[in-house]
C-alpha cells in the first residue's frame, strides 16, 4: 500500500497530534518513551487483515490490546514470568523494548489497527507486535495471544512503514496465564493519554459546534 493512501485512511479514523506526532485512536495509545540523541523514526504500524482470537474465526474485538515492540536484533525475546506458569503481558526481556500499547480499532476492518509512533533509532533495528484476545487492562487471567514475525523497517528521511500481516491474518495461537502487575509508569501514561484524547475531543466539539 502506498504511503499517501495509507495516510488518507489513517486520517479517516485517527486524530493527529503534531505534524509527525502520535496518531491516536479514540481508545488511546500508551507510548513508552526513550531518551537519546539519535534521530527519531516515525513509524506507520498497521495490519490490513483481521487478527483472530481464541477460536480462530472471530476477529479481535475493538479495545483488545496490541503491543508494538522494538528490538536491536532479529530475535523475539520472551515475556517476563511471575512464579511458575504465569507471564507478565506488558514486559520484555533481552534487548526488546515496548514502543507502544495500542487498541484494536477496526481502522481497516474488524480486528485491525493503524497507528503512527516514534522510536529511537539507536535502540531499535527490528519491530514486531504482540497481541491479546482481551480488552481488560491490566491483562490478567487465562488469555489467548500471539506475535507477528519480526520486521526490519526501511527508513527513509526519518519515516518508516511496517505492515505486520503481509502474509495474511494473524492468529492468537498461544494460551497462557497472566498476572496483572501494573507498572507505575504505565499508570501515569494512562492518565496522560486519557487527558490528551479528551482534549482532542473537546477541540473537535468546539470546531463543530457540538455541545457536550
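In this note's numbering, the protein residues as written are 14 to 225.
Built from N, CA and C at the ideal position, the CB exists for glycine as well.
What do you get for residue i, buried or exposed, if any count of 16 or more other CB atoms within 10 angstroms of its CB means buried?
{"i": "residue 62", "result": "buried"}
{"i": "residue 72", "result": "buried"}
{"i": "residue 35", "result": "Note that residue 35 scores 33 on pLDDT, short of 50, meaning its location in the model is unreliable; the coordinates nonetheless yield the value given after this. So residue 35 counts as buried."}
{"i": "residue 129", "result": "buried"}
{"i": "residue 68", "result": "exposed"}
{"i": "residue 86", "result": "exposed"}
{"i": "residue 70", "result": "exposed"}
{"i": "residue 119", "result": "buried"}
Does the beta-carbon distance from residue i to residue j come in below 8 Å?
{"i": "residue 117", "j": "residue 126", "result": "yes"}
{"i": "residue 112", "j": "residue 132", "result": "yes"}
{"i": "residue 107", "j": "residue 88", "result": "yes"}
{"i": "residue 158", "j": "residue 185", "result": "yes"}
{"i": "residue 83", "j": "residue 136", "result": "yes"}
{"i": "residue 110", "j": "residue 139", "result": "no"}
{"i": "residue 160", "j": "residue 143", "result": "yes"}
{"i": "residue 101", "j": "residue 168", "result": "no"}
Taking the DSSP output, what are the residues bridged to residue i?
{"i": "residue 190", "result": "99 and 155"}
{"i": "residue 104", "result": "None, per the DSSP bridge assignment."}
{"i": "residue 79", "result": "115 and 144"}
{"i": "residue 72", "result": "65"}
{"i": "residue 179", "result": "According to DSSP, which records beta bridges pairwise, residue 179 is partnered with nothing at all."}
{"i": "residue 110", "result": "83"}
{"i": "residue 55", "result": "131 and 172"}
{"i": "residue 60", "result": "126"}
Between the options, which has its C-alpha nearest residue i's C-alpha?
{"i": "residue 150", "options": "134, 181, 77 and 186", "result": "77"}
{"i": "residue 146", "options": "74, 160, 178 and 86", "result": "74"}
{"i": "residue 156", "options": "98, 105, 121 and 59", "result": "98"}
{"i": "residue 121", "options": "64, 192, 190 and 168", "result": "64"}
{"i": "residue 178", "options": "51, 53, 124 and 190", "result": "124"}
{"i": "residue 79", "options": "85, 86 and 60", "result": "60"}
{"i": "residue 56", "options": "194, 193 and 165", "result": "165"}
{"i": "residue 187", "options": "174, 53 and 91", "result": "91"}
{"i": "residue 194", "options": "174, 119 and 103", "result": "103"}
{"i": "residue 51", "options": "173, 134, 172 and 94", "result": "134"}
{"i": "residue 95", "options": "53, 54, 172 and 154", "result": "154"}
{"i": "residue 81", "options": "101, 167 and 105", "result": "105"}
{"i": "residue 54", "options": "174, 192 and 191", "result": "174"}
{"i": "residue 190", "options": "180, 172 and 152", "result": "152"}
Q | Entirely enclosed beta strand (DSSP E) segments - the segment 115 to 167, minimum 3 residues | A | If you keep only unbroken beta strand (DSSP E) runs of at least 3 residues inside the segment 115 to 167, you get 126 to 133, 139 to 145 and 154 to 160.
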